[in-house]
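Student:
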Amino acid sequence: MPYIHVTLASGRSKQQKRALIVALTDKMERVLEVARPDIHVLLWELPTENIGEAGEEPSPETTNNVAVVMSQGRPPEVALVLIKSLTDVVETTLQVRRQDIHLVVFEEPFRNIGEAGIPMEPPRIPHWHYRQVAARFD
6 MPYIHVTLAS GRSKQQKRAL IVALTDKMER VLEVARPDIH VLLWELPTEN
56 IGEAGEEPSP ETTNNVAVVM SQGRPPEVAL VLIKSLTDVV ETTLQVRRQD
106 IHLVVFEEPF RNIGEAGIPM EPPRIPHWHY RQVAARFD
């Protein structure tokens, strides 16, 4: 855990998509200090006719939606750092305008997250540790 779902309009190259997956994984690993194998990135590509931006069919570069699902328990500053740093990653990697990137962070209680059929346990990392991590990205 965490999961990063990215919805893009079709048209990006395989190299761009692989670079985005790697860059998002790198950033999540640094910000959340979670093990790399626990980070899951899923890219969803849709044809522009299946997307509405302000009720209109968008150009491929204007659909860059990112949803992060992670466990609860971190200070609010961590979500703020994720929003900024993951937006930076998408902007740089896909060479899109910042205003065309939409990002949401969902924090789920541990009882709602399971792996291998077993509910997750709360982390054993104290909350003050995340404040130190967030401070490194200011």
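For the sequence shown, the numbering used here gives the first residue as 6, with consecutive numbering after it. Using N, Cα and C, we set each Cβ at its ideal position, and we do this for glycine too.
Which whole runs of the alpha helix (DSSP H) in the segment 21-99 are 4 residues long or more, in chain order?
Tutor: 81-99
Student: Apply the 10 Å Cβ neighbour rule to SER18 and answer buried if 16 or more other Cβ atoms are within range, or exposed otherwise.
Tutor: exposed
Student: Rounded to a whole number of angstroms, what is the C-alpha to C-alpha distance between LEU99 and LEU47?
Tutor: Within the model, the alpha-carbon separation for LEU99 versus LEU47 is close to 16 Å.
Student: Tell me whether ARG79 is buried or exposed, calling it buried when 16 or more other Cβ atoms sit within 10 Å of its Cβ.
Tutor: buried
Student: Answer yes or no: do VAL36 and SER90 have a C-beta to C-beta separation smaller than 8 Å?
Tutor: yes
Student: Could you round the C-beta distance between ASN70 and THR12 to whole angstroms and report it? I think they count as a contact, below 8 Å.
Tutor: Going by Cβ atoms, the distance from ASN70 to THR12 rounds to 4 Å, so yes, they are a contact pair.
Student: Taking the alpha carbon of PRO63 as the point to measure from, which residue in MET33, PHE115, LEU51 has its own alpha carbon closest?
Tutor: LEU51
Student: Report the CB separation of ALA72 from PHE111 in whole angstroms; it is logged as a contact under 8 Å.
Tutor: 7 Å
Student: Using only CA atoms, which one of LEU85, ARG116, ILE118 lies nearest to ALA140?
Tutor: LEU85
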